[in-house]
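Residue numbers (full-length UniProt numbering): 1 to 164.
Note that the Cβ used here is the ideal one computed from N, Cα and C, for glycine as well.
One structure below.
Structure representation (structure tokens):
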């Protein structure tokens, strides 16, 4: 099933369960029962404040963020839910470093747990650049239940695709 591209790499028994939920038209009900609320970070400023609070709580020694914003050009189809970028520019003989996080605008209206998961994921890249064991341990430390939230977010994306 091409709509399950977000589940590449997951065990076959999970994919069969998801296909069954889709066939029985239960995926939307499952997601709504687990995540009935919507977050209130509709603006880039509110998103930045939320990310800054998470960084302050868990990553005090990590570099500060210059920008956190919703990006309408971010393409979730290319598996980019969010993007953490660093850039360095030369200003009068000094090197100026900039760090920003861009979140796909499709997440302006999602469950607060999903937004937290994406922010935690991108913030973890301040410490661990690769998706290795230490990276996922840091994500789990910052947001207990991170693995389940990531899976459910993938289900949410599948459901959004099916809705058109």
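Does the distance from the C-beta atom of residue 6 to that of residue 157 stay below 8 angstroms?
-> Counted from its first residue, the chain shown places residue 6 at position 6. Counted from its first residue, the chain shown places residue 157 at position 157. Contact flag set, yes.
Burial state of residue 77 (16 or more Cβ within 10 Å) = For the purposes of this step, residue 77 is identified with residue 77 of the chain shown, where counting begins at 1. Any reading at residue 77 must be qualified, since the residue scores a pLDDT of 47, below 50, and its modelled position is unreliable; no value is offered.
Is the distance from the Cβ of residue 152 to the Cβ of residue 34 below 8 angstroms?
-> As a first step, residue 152 must be located in the chain shown, where it is residue number 152. As a first step, residue 34 must be located in the chain shown, where it is residue number 34. In this structure, residue 34 lies closer than 8 angstroms to residue 152 by Cβ.
How is residue 24 classed by DSSP in three states: helix, strand or coil?
-> As a first step, residue 24 must be located in the chain shown, where it is residue number 24. Reduced to three states, the DSSP call for residue 24 is coil.
Through-space distance from residue 71 to residue 44, alpha-carbon basis = Position 44 of the chain shown, counting from 1, holds the residue named residue 44. Position 71 of the chain shown, counting from 1, holds the residue named residue 71. Using only the alpha carbons, I get a separation of about 9 angstroms.
Note down the Cα distance separating residue 32 from residue 117, rounded to an integer number of angstroms.
-> Counting from one through the chain shown, the residue named residue 32 turns up at place 32. Counting from one through the chain shown, the residue named residue 117 turns up at place 117. When rounded, the distance between both Cα atoms is 17 angstroms.
Let me know the secondary structure DSSP gives residue 35 once reduced to three states.
-> For the purposes of this step, residue 35 is identified with residue 35 of the chain shown, where counting begins at 1. Under the three-state reduction of DSSP output, residue 35 falls in the coil class, being neither helix nor strand.
Check the DSSP bridge columns for residue 104 and list the partner residues they point to.
-> For the purposes of this step, residue 104 is taken as residue 104 along the chain shown, with counting starting at 1. The partner list for residue 104 (beta bridge, DSSP) reads 71.
Mind pulling the alpha helix (DSSP H) runs of 4 or more residues that sit fully within the stretch 38-65?
-> 44-58
Residue 104, buried or exposed, once every other Cβ within 10 Å from all chains shown has been counted against 16 | Counted from its first residue, the chain shown places residue 104 at position 104. By the neighbour-count rule (16 or more Cβ atoms within 10 Å), residue 104 is buried.
With a threshold of 16 other CB atoms inside 10 Å of the CB of residue 155, please say whether the residue is buried or exposed.
-> Taking the first residue of the chain shown as 1, we reach residue 155 at position 155. Per the 10 Å Cβ criterion, buried.
Coarse secondary structure for residue 150, derived from DSSP in three states | Numbered from its first residue, the chain shown carries residue 150 at position 150. In this structure, residue 150 counts as helix in the three-state DSSP scheme.
Proximal residues to residue 148 (C-beta, below 8 angstroms), its chain only, five neighbours per side dropped = Taking the chain shown and counting its residues from 1, the one referred to as residue 148 is at position 148. Counting only Cβ-Cβ distances below 8 angstroms, and skipping sequence neighbours, we find nothing.
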